[in-house]
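Asks:
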Amino acid sequence: MLAKRIIPCLDVRDGMVVKGINFVGIKEVGDPVECAVEYDRQGADEITFLDITATHEGRGTMIDVVRNTARRVFVPLTVGGGIRTLEDYRDILRAGADKVSVNSAAIRDPELISRAADKFGSQCVVVAVDVKRREDGSYAVFINGGRIDTGLDALQWIRECENRGAGEILLTSMDADGTKNGFDLPLTDTVSRMVNIPVIASGGCGSLAHFGEVFEQTGASAALAASLFHYRELTVGQVKEYLAGRGIPVRKAVEL
Amino acid sequence: MTAVIDYGAGNLFSVKNALDYLGVPHLVTRDQAEIENADRLILPGVGAFPDAMAMLEELELTGVIRREAEKKPFLGICLGMQLMFEEGLEFTPTRGLGLLPGCVDKIQAPGLKIPHMGWNELVYENDCPLLSGVPEGSAVYFVHSFQAQTQERYLAAWAEYGGRIPALVFRDHVFGAQFHPEKSGAAGLRILKNFCELR
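As given, the protein sequences belong to chains A and B, one line each in that order. Just so you know, the first sequence maps onto residues 889 to 1144 in the numbering used here. Just so you know, the second sequence maps onto residues 112 to 310 in the numbering used here.
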């Protein structure tokens, strides 16, 4: 049985881990490499770095973070944030990442998805989509950390991403993000049933029960959380133990 | 010395990182003499079958790989494993390295997501030295849309995904892992270590 994946996300700025609440009010906490090693030890199935650095110098630091992590952590690494070109893709993959997630740049230039899939393979092309529900019940795609409404319909956009060769969708509900009230189940269910590529649910997770719900009530392949793990409210091990107890397939990390 | 064959495969650096971590002496090379002198060979791989074969041919590596794989332990990883079969049917039928009988075709898993991406458990079929010390049921990391079709006798382990997906195949000292041992945590590192200790 294919296991449902638990993915801790580390928000990194200028080489240091931070965590924003609703994408604002950012606090700094630690060394991303050490955090990744700790998550690996807890049994994380994959680790995501989200680079929120604005400056060019800071971006070089991110490459070092990836390189140093890939030498010590032997589970898949995903890097997102500020990816604009195929060269960005290449640099990050060469540093040891397995997947690169794109968000705003893919909306400005959807061809980037197709070109990256052609050049590096769909398996490393993750499209991150930040979604907010409109008053009429439809879903809009937001960019720039939830500040700009693109006017795009989220479901149409996600279908286009799949058709262009995206290998996975990282689906963040901007309505749920930071609330700790649970994943956006209707959104996650709609998207995960619509596409034939894996969907990672993100935003809103605040308890063990929320992980159970998202796998029991939607077709999500993975669940991503940042602050919950970062502030040690839960460990990855606790989440997996809980899920296994509910009969949800998870990877048992082995120590050999 | 273990030689990791360099033909531009995307997971080359990850394989190298894992070997560094294990403290296994290795070199990354596309040089015929270095491949001939190595004690064992690893062929990594991520991407499409026809492109990868074309690359190996352009670098004039297919001949030396076929010859040397007869003489020493050989491990293909992911696409590197698929290339070991006689033929690939991805996009256009393409001749493979022919180190193992069988072909590579699309995963048939109605109702399941493609690619087969994530951690799946190994179910053992035939005894294989690479699985020594790795408990059956250990999960390893897969990312692929195509799978090998081969006889049961070459199967060391498979994974369940809409059917049996060959996960680890072998014939004598020639091995192929559909999953990524370099990204499969402790279980994957153990499999790599077992390979690097073969003589």
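Where is the CB? At the ideal position from N, CA and C, for every residue including glycine. None of the values given here were measured: they were computed from a predicted structure.
If contacts are defined as beta-carbon pairs under 8 Å, then I1088 (chain A) and L1112 (chain A) qualify, I think. What distance do you get, rounded to the angstrom?
Replies: Right, their Cβ atoms sit about 5 Å apart.
Asks: For N910 (chain A), collect the residues of the same chain with a Cβ closer than 7 Å to its Cβ; drop the 5 residues on either side in sequence, then sort them by chain order.
Replies: Per-residue confidence for N910 (chain A) stands at a pLDDT of 41, beneath the threshold of 50, marking its modelled position as unreliable; no derived number is given.
Asks: So who's on the other strand from S1061 (chain A), going by DSSP bridges?
Replies: Answer is A:V1019, bridged to S1061 (chain A).
Asks: Using a beta-carbon distance below 7 Å, is F54 (chain B) in contact with chain A?
Replies: Residue numbering for chain B in the displayed model covers 112 to 310; residue 54 (chain B) lies beyond these limits and cannot be assessed.
Asks: Extract the residue ranges of the alpha helix (DSSP H) inside the stretch 169 to 209 of chain B, only unbroken runs of 4 or more that lie entirely within it.
Replies: For the stretch 169 to 209 of chain B, whole alpha helix (DSSP H) runs of length 4 or above, ordered along the chain, are 173 to 180, 190 to 193.
Asks: Which residues in chain B sit within 9 Å of A958 (chain A), going by Cβ to Cβ distance?
Replies: Near A958 (chain A) (Cβ distances below 9 Å), the residues of chain B are F124, S125, N128.
Asks: For H1118 (chain A), name the three-state secondary structure that DSSP assigns.
Replies: Helix.
Asks: What would DSSP say about I909 (chain A), mapped onto helix, strand or coil?
Replies: Because the pLDDT at I909 (chain A) is just 45, under 50, the model does not fix this residue reliably, and the point stays unresolved.
Asks: In chain E, what lies closer than 8 Å to S243 (chain B) by C-beta?
Replies: The question asks about chain E, but that chain is absent: this structure's protein chains are A and B.
Asks: If distances are taken between C-alpha atoms only, which option among B:V126, B:N237, B:G199 comes closest to F290 (chain B)?
Replies: The candidate whose alpha carbon is nearest that of F290 (chain B) is B:V126.
Asks: What does the Cβ neighbour count give for D1018 (chain A), buried or exposed, with the cut at 16 atoms within 10 Å?
Replies: The residue is buried, with at least 16 neighbouring Cβ atoms inside 10 Å.
Asks: In whole angstroms, give me the CA-to-CA distance for V135 (chain B) and D997 (chain A).
Replies: Near 43 Å, if we compare the C-alpha coordinates of D997 (chain A) and V135 (chain B).
Asks: Straight-line CA distance for G1135 (chain A) to F1103 (chain A)?
Replies: Cα to Cα, the separation comes out at about 11 Å.
Asks: Can you list the residues of chain B that A891 (chain A) reaches, using a CB-CB cut of under 9 Å?
Replies: Those are G229, W230, N231, E232, A250, listed as they occur along chain B.
Asks: CB-CB under 7 Å to A1146 (chain A), same chain, minus the five flanking residues each way: which ones, in chain order?
Replies: With chain A represented from 889 up to 1144, any question about residue 1146 (chain A) goes unanswered, as that position is not in the structure.
Asks: Between the Cα of I225 (chain B) and the Cα atoms of A:T1076, A:S1061, A:G1053, A:L1096, which residue gives the shortest distance?
Replies: Checking every option, the nearest Cα to that of I225 (chain B) belongs to A:G1053.
Asks: State the Cα-Cα distance for the pair R282 (chain B) and I276 (chain B), rounded to the nearest angstrom.
Replies: For R282 (chain B) and I276 (chain B), the distance between alpha carbons rounds to 17 Å.
Asks: Can you tell me whether DSSP reads H284 (chain B) as helix, strand or coil?
Replies: H284 (chain B): coil per DSSP, three-state reduction.
Asks: Look up A1110 (chain A) in the DSSP assignment and say whether it is helix, strand or coil.
Replies: Strand at A1110 (chain A).
Asks: Looking only at C-alpha atoms, which of B:A298, B:N237, B:Q262, B:N305 sits nearest to E197 (chain B)?
Replies: Nearest option by C-alpha distance: B:Q262.
Asks: A1141 (chain A) touches chain B at which residues, Cβ-Cβ below 8 Å?
Replies: Those within 8 Å of A1141 (chain A) in chain B are G296, A297.
Asks: Classify K182 (chain B) as buried or exposed, calling it buried when 16 or more other Cβ atoms lie within 10 Å of its own Cβ.
Replies: Exposed, since its Cβ has fewer than 16 Cβ neighbours within 10 Å.
Asks: Just to make sure I have the definition right: I need the residues of chain A whose C-beta is within less than 9 Å of the C-beta of D117 (chain B). Which are they?
Replies: Near D117 (chain B) there are no residues of chain A at all, since even the closest Cβ is about 13 Å away, more than 9 Å.
Asks: Based on Cα-Cα distance, which residue from B:A120, B:N237, B:L130, B:G119 lies nearest to R264 (chain B)?
Replies: That would be B:N237, whose Cα lies nearest to the Cα of R264 (chain B).
Asks: Unbroken alpha helix (DSSP H) runs of length 4 or more, entirely within the stretch 1024 to 1098 of chain A: which are they?
Replies: Counting only runs of 4 or more, we get 1042 to 1051, 1073 to 1082.
Asks: Between the Cα of D928 (chain A) and the Cα atoms of A:R893, A:L1075, A:D902, A:L938, which residue gives the shortest distance?
Replies: For the residues A:R893, A:L1075, A:D902, A:L938, the minimum Cα distance to D928 (chain A) belongs to A:R893.
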